[in-house]
Amino acid sequence: MKIVDQENLSEAVEALQNGQTVVFPTETSYGLGCDATNQDAVDEIFKIKQRKSDKPLLVVVPNIEMAKKYLVWNDLLEDLSKKYWPGPLTIVGEWNKKENLATGVVAADNTIAVRVTNFPLTKFLSEKLNKPLVATSANLADAGDVYDSKQILAMFSDKSVKPDILIDGGELPQNPPTTIVSVIDNNLKILRQGQIKIN
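The numbering used here numbers the first residue of the sequence shown as 7 and each following residue consecutively.
This is the structure we're talking about:
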């Protein structure tokens, strides 16, 4: 695993464009990501996390325009996006099948989990990739979130499959997780209350 600092992100962007996996700071904890349209890269994320393939991965996008491309848009999504995006709200909605996404990002019921991030580093990576960026927690399946780059290095030190690059943001503040809602057929369901409180 190669370590790069937050001032030198060109290498991490190039790695993402070349189908590699990258650990990066997010607004909540360290995330593990790749190009969400690259099947080999997404498969590698599941191997790194030792995660079951029936648990889909969420993606971040740099702006609402890209979210509209990958989600089947409706009035409720329009309202939520205007009110809460960019920000720590993840929306599970119906995937627009005209747009390519890897298996493992799309759930069995043809939904995807999307967030328009306002965290500068994550936003920069997704902007430069210009595609949805997988942003799952950088931990092994069923382990807790990771807030310190030293923990990442220790966790993967003896693993044969590990991320390609770590963007070292040092120790991150332990912020609450993102709020997750489901918006299917204009129906809103709260899956997890987090930083944003939705009634």
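Ideal Cβ placement from N, Cα and C applies to all residues, glycine included. None of these values were measured; they are calculated from a predicted model.
For residue i and residue j, what's the separation of their Cα atoms in angstroms?
| i | j | result |
| --- | --- | --- |
| Val122 | Ala149 | 25 Å |
| Arg198 | Thr43 | 26 Å |
| Pro169 | Glu105 | 26 Å |
| Asp164 | Val48 | 22 Å |
| Thr32 | Gly175 | 9 Å |
| Arg57 | Gly25 | 19 Å |
| Thr142 | Leu194 | 23 Å |
| Pro179 | Gly37 | 14 Å |
| Glu20 | Asn192 | 38 Å |
| Leu82 | Ala160 | 43 Å |
| Glu50 | Lys129 | 22 Å |
| Ile190 | Lys89 | 18 Å |
| Asn205 | Glu71 | 26 Å |
| Asn69 | Leu146 | 29 Å |
| Glu84 | Pro183 | 23 Å |
Tell me whether residue i is buried or exposed, calling it buried when 16 or more other Cβ atoms sit within 10 Å of its Cβ.
| i | result |
| --- | --- |
| Glu206 | Because residue 206 is not part of the residues shown, which for the chain are 7 to 205, the question remains open. |
| Glu17 | exposed |
| Ile196 | exposed |
| Ala108 | buried |
| Ile9 | exposed |
Is residue j closer than 8 Å to residue i when the C-beta atoms are compared?
| i | j | result |
| --- | --- | --- |
| Val67 | Val120 | yes |
| Ala185 | Leu95 | It is Thr, not Ala, that sits at residue 185 in the sequence shown. Their beta carbons are under 8 Å apart, which means Thr185 touches Leu95 by this criterion. |
| Ile118 | Leu77 | yes |
| Thr34 | Asn181 | yes |
Out of the options, which has the shortest C-alpha to C-alpha gap to residue i?
| i | options | result |
| --- | --- | --- |
| Asp115 | Asn102, Pro126, Ile202 and Asn124 | Asn102 |
| Gly110 | Ala144, Lys75, Thr128 and Ser59 | Ser59 |
| Pro138 | Ala147, Lys75 and Ser188 | Lys75 |
| Asp46 | Pro62, Thr27 and Lys61 | Thr27 |
| Glu13 | Leu131, Asn205, Gln201 and Leu22 | Leu131 |
| Gly93 | Ile173, Pro126, Ile51 and Val189 | Pro126 |
| Asp11 | Leu172, Asn80 and Trp79 | Leu172 |
| Leu15 | Thr34, Ala147, Glu133 and Gln201 | Glu133 |
| Asn80 | Ala147, Leu22 and Gly99 | Gly99 |
| Leu22 | Leu135, Asp154, Ser188 and Val187 | Leu135 |
| Val187 | Leu146, Ile97 and Ala147 | Ile97 |
| Ile202 | Asn69, Trp91, Leu146 and Lys156 | Trp91 |
| Met7 | Phe162, Pro183 and Gly200 | Phe162 |
Considering only residues of the same chain and omitting the five flanking positions on each side of residue i, which have a CB-CB separation below 7 Å?
| i | result |
| --- | --- |
| Val167 | Lys53 and Ile54 |
| Ala144 | Val29, Tyr36, Gly37, Leu38, Val152 and Ile158 |
| Ala113 | Pro62 |
If you drop the 5 nearest sequence neighbours on each side, which residues of the same chain put their C-beta closer than 6 Å to that of residue i?
| i | result |
| --- | --- |
| Ala73 | Val67, Val120 and Val122 |
| Asp154 | Glu177 |
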